[in-house]
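In full-length UniProt numbering, the protein residues as written are 1 to 224. C-beta: ideal position from N, C-alpha, C; glycine also. As the structure is a computational prediction, the values presented were derived from the model and not from experiment.
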């Protein structure tokens, strides 16, 4: 059973989401503040659903702390509509950002997509050897310059979609469907944010990428 940690200081919303997720077969844990969230994250949930407006800390700081400890998917639920808040949360390591108020069907779809992206692939594949890094898509590990580089589940999903294309150009539409799902075909800003993050982590010179290439008017391509 998939375990979801809900973090929100609104008891009514927390109760409603817990009922909804439990009814759909999820094992649900809850926390009302950052301290409780970090304690629960030590128990390794499969997904974290997090509000940014917590009473004892900024949710972005919680995202960064959780991300330092592992790659559990994080879906943000927030009333903050400013794009700067969204970028801060995504840059800190969140995998998705849902603004309040939201529909139950949309929320459940986002949860399913986040869990799906974090699923492990079958074993037996050799690592991908690029000029600047080595990527083990099965173990979900990247080594660069003698150390390990940590990627979020969404960053892994995007990198894997490009790598598995075998050097062919992948359109923005196909990437969005593969990584986020068919409901996200217009969310091209997701690609810009996550490709920028991947380039900062993997490229020797992010401003002049040699591995994660943009093909103007066509899409994106991976070059070892």
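query, result
"Mapping DSSP to helix, strand and coil, what is residue 58?", "strand"
"Just the Cα atoms here: how many angstroms apart are residue 235 and residue 144?", "This structure leaves residue 235 out entirely; the chain is present only between 1 and 224."
"Between residue 214 and the rest of its own chain, which residues show a CB-CB distance below 7 Å, the 5 nearest in sequence each way excluded?", "220"
"What separation, rounded to the nearest whole angstrom, lies between the Cα atoms of residue 15 and residue 159?", "36 Å"
"Name the two residues that bound the continuous alpha helix (DSSP H) containing residue 50.", "Per DSSP, residue 50 belongs to no alpha helix (DSSP H); it is in the beta strand (DSSP E), 47-51."
"By Cβ distance, which residues of its chain are closer than 6 Å to residue 41, with the 5 residues on each side in sequence left out?", "66"
"DSSP three-state label for residue 97, please.", "strand"
"Where does residue 214 sit, in a helix, a strand or coil, going by DSSP?", "strand"
"Is it a yes or a no for the region 126-137 touching the region 44-53, going by three-plus beta-carbon pairs under 8 Å?", "no"
"Return the chain-ordered list of same chain residues with a C-beta closer than 6 Å to the C-beta of residue 32, the five sequence neighbours on each side being excluded.", "9"
"Quick one: residues in its chain with C-beta nearer than 8 Å to the C-beta of residue 187, no 5 flanking neighbours on either side, listed in chain order?", "176 and 180"
"Going by other Cβ atoms of all chains shown within 10 Å of its Cβ, with 16 needed for buried, is residue 39 buried or exposed?", "exposed"
"Would you call residue 56 buried or exposed, if buried means 16 or more other Cβ atoms sit within 10 Å of its Cβ?", "exposed"
"Rounded to whole angstroms, what's the CA-CA distance from residue 185 to residue 96? Just pull it up for me.", "14 Å"
"Taking DSSP's pairing of strands, which residues face residue 143 in a bridge?", "134 and 148"
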